[in-house]
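These notes are about the structure you will find just below.
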Amino acid sequence: MQYFKNTGAAIRVVIFSSVLSFGVITMMGAMMVAATGPALAGAGPEGIIKQRKALMKDVVLKGLKAMKQMVKDDFIDAEEAAKHMAKIAEVADGFAKRFPKGTESGFKTTAGPKIWVDGLDFEAKFTRFAVDARAASIAATQGDGAFKAAFLKVAKNCKGCHETYRIKKK
Ligand code: HEC
-10 MQYFKNTGAA IRVVIFSSVL SFGVITMMGA MMVAATGPAL AGAGPEGIIK
40 QRKALMKDVV LKGLKAMKQM VKDDFIDAEE AAKHMAKIAE VADGFAKRFP
90 KGTESGFKTT AGPKIWVDGL DFEAKFTRFA VDARAASIAA TQGDGAFKAA
140 FLKVAKNCKG CHETYRIKKK
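Taking my numbering, the leading residue of the sequence shown gets -10, the next gets one more, and so forth.
The following block contains the structure:
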């Protein structure tokens, strides 16, 4: 009998400690997410600049180009278009946080100095960009006309931000 009692206790200890460590790991994960916002954890200026450039090029520009082609061909794949717009919106969320002090220059950045002067306006422009992209992601499911109008609205954001907040490439 003694044997079984001990086993029960041992099992309880094992269950208790795994619940506990799961809890601790979950909590640590939540704390890490809360502390960093977009994944900037531990990245120096080079990593931060490279990452924001890559997102602009590989998600935002790539998505926009694919959708521009759909509009041009007058053949809109609603599901694909909605996916591109949702991805762009996700990238736009909190994007202004990818421009901390110390990342004003170097590593082929074309970020303009006004970002660090009119930070609130820069942030608001990304919020608007995300809102327009999310609206377009919904519009994609509402027919070609609705999508085309929403697409044009999203596309206007690029120039609207770049002309103020990017320097011309040398
Ligand atoms: C609210 C501001 C803002 C909006 C909106 C915006 N961008 Fe950008 N974009 C930037 C900034 C700032 C940079 C410079 C980043 C750097 O070089 O560090 C940039 C850089 C880029 C780059 C260059 C990436 C590289 O490899 O250097 C491309 C391409 C780009 N954006 C495409 C787009 C397109 C397409 C859109 C619209 C669908 C768009 N952007 C909307 C601010 C914006």
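Quick reminder that beta carbons are idealized off the backbone N, C-alpha and C, glycines included.
In chain order, what residues of the same chain lie with their CB nearer than 7 Å to the CB of residue i, ignoring the 5 residues before and after it?
i, result
"F140", "M56, V60 and A125"
"V80", "L44, V48 and V49"
"K160", "The structure shown does not extend to residue 160, since the chain spans only -10 to 159, so no value can be given for it."
Report the rounded CA-to-CA distance for residue i versus residue j, giving the unit in angstroms.
i, j, result
"D62", "G91", "43 Å"
"T130", "V143", "16 Å"
"H151", "T99", "9 Å"
"I156", "Q58", "27 Å"
"T153", "A135", "29 Å"
"F111", "E68", "30 Å"
"G149", "G108", "15 Å"
"L66", "A75", "What sits at residue 66 in the sequence shown is Asp, not Leu. Near 14 Å, if we compare the C-alpha coordinates of A75 and D66."
Using a Cβ-Cβ cutoff of less than 6 Å, which residues in the same chain neighbour residue i once the five nearest sequence positions on both sides are dropped?
i, result
"A78", "A119, A122 and R123"
"F84", "F115"
Considering only heavy atoms of the ligand HEC, does any lie closer than 7 Å to the CB of residue i?
i, result
"F136", "no"
"K46", "yes"
"V120", "no"
"F115", "yes"
"R155", "yes"
"V60", "no"
"K72", "no"
"V216", "The first residue shown for the chain is -10 and the last is 159, placing residue 216 beyond what the model contains."
"A55", "no"
"K86", "no"
"L50", "yes"
"F140", "no"
"K76", "no"
"V106", "no"
Could you tell me which of the options sits nearest to residue i, measuring between CA atoms?
i, options, result
"H73", "H151, L53 and K157", "L53"
"F88", "K148, K103 and E152", "K103"
With 16 other CB atoms within 10 Å as the buried threshold, where does residue i fall?
i, result
"V49", "buried"
"N146", "buried"
"F96", "exposed"
"G128", "The amino acid at residue 128 is misidentified as Gly; the sequence shows Ala. Buried: at least 16 other Cβ atoms inside 10 Å."
Leaving out five residues on either side along the sequence, give the residues of the same chain with a beta carbon under 8 Å from the beta carbon of residue i.
i, result
"F64", "none"
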